[in-house]
Structures are given as structure tokens and as C-alpha cells.
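In our numbering, the protein residues as written are 1 to 265. First up is the structure itself, then whatever we jot down about it.
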């Protein structure tokens, strides 16, 4: 018998996903550039499945959607996720996006403002993109194939966590992310710009950043999400880097659900 608390789906007609919980409040959860929905596995045991239904989606080229090809841009992500919400029968729901899908929460909320109850952006890249200089872009590009570069990046954004941690993230990426989509999503996160579409967007936002995440800090949030969204607030998690869902799972679960409970309407 399949438990509703951890229902796995592999869709042939749309994005693959994993469902957790069967509560009345629906939450669509998106992953980052380097990993798929399994980045959230550590946090799942601490989520309230009686109050919330979480769907952890895999974008095209990732995890359960690794077979799906596409344009790998934010408009496609938004369209795919709204199509999935339709398939699930969700008219109104909450969004969570991590890193590169921080901008996807903005695109979806701008495209379908009446459907989004609230959004949580975790260590997010915004609608202004992450404008990398030439040297940084070369380094990020090298992580798509160079294992040592990948490990350096993962350790850097998590405040110098162990080599074993970096190896776990490397295996996840190489096994669960299609090589052909890596450069496409990198171009998206480094060149996308749709700020005028989201400026003044009234969707309630919680911005979560990690104290040890060197690039996506409080200053970056003040110049982007907090400057554009009148109903946004910021929360910093101490002693944590770019992956709070893996670095401090119980605390992360508490933080997101404390916010979500205030947005039930």
C-alpha cells in the first residue's frame, strides 16, 4: 500500500515529482541548479504532512524529469510548473524556490498572481539574474564537467564544509542532472532579466539566506527582492550556507512552516 506521506510520481506527460503529505495547504517546491528534488530529502521527515501537501518537482533535465529536453529558461520553468499545478488540481498554492529557482518563484507569481498564496525564496537569485564577470562565468561553466571545480564551488557556498559533503553533492549532480541542461540553466541564471515584470508584486515573500553563503547575502536581498516586493521579509539562518535544507533540516522545516501557517487564507 502506498503511503500518502511519501508518494512518488514519475510523469510521462509533464514534470516528474515527489509528493509528501496530504494536508489542505499545497506547496510546490523547486530545486537549485546543482541538484534535483533529492536535495530536500533530509528535511522531509520534519514536515507537517497533515497540514501541508508538498510537491517536490524536478525541472527538465533533473531527477524524475531527466529525460525531458527543453529551452531551459525561466519562462519554460513557470509554464511547466503551472501545468503541473493544473494536473494536480491546485488552483491556489504556495511556492518555494532555491537559488536559481528564486527567480522562478517571481516569474510564476508575475504570470499567475491570483494563484500564488505566498512564496519562499531560499538563498535566491532574483529576476535581475546573477550577472557574472567573464572569469566567474568560466569557473561556473567548468563545474559542469570538471569534478574538482564542482567540489570547490560547493565547499565555497557552504562556508567550507567537508570534502565528503562535496563528494555527496558531486554524485547527486553527475547521476541526477543531464549534462546537456547544465549550461542551459547556467545561461538562464546569469543572463535573465525581468525586473520590471515583478516590481511592486504584492505576493507575500519570505527570503531565507544562510549566514555563510558568501554571494547571496543581506545586501543582495536589499537590492533585489526587498526593494521590489512590498510584502517581503528576510530571515537569516546562523551557521549555515547555501543549502539550509541539508545543512540544518529541522530548523529549516520549522522556519518555512512558521511562515506558511501565517499565509493560510
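Every residue, glycine too, gets a C-beta built ideally from N, C-alpha and C.
The beta carbon of residue 181 is closer than 6 Å to those of 61, 72 in its chain, skipping five residues each way along the sequence. Within the DSSP bridge table, the entry for residue 26 names 53 as partners.
Taking C-alpha positions only, residue 116 is separated from residue 154 by approximately 31 Å. In the DSSP assignment, residue 117 falls within the beta strand (DSSP E) that extends over 116–122. Among the bridge pairs identified by DSSP, residue 96 is matched with 29, 120. The C-beta distance from residue 201 to residue 235 rounds to 19 Å, too long to fall under 8 Å, and the pair is not in contact. A straight line joining the alpha-carbon of residue 223 with that of residue 194 spans about 15 Å. Excluding sequence positions up to five before and after residue 80, its CB lies within less than 6 Å of the CB of 15, all in the same chain and listed in chain order. For residue 67, there is no enclosing alpha helix (DSSP H), since its DSSP letter is neither H nor E. In this structure, the beta-carbon distance from residue 101 to residue 59 falls below 9 Å. Secondary structure of residue 169 (DSSP, three-state): helix.
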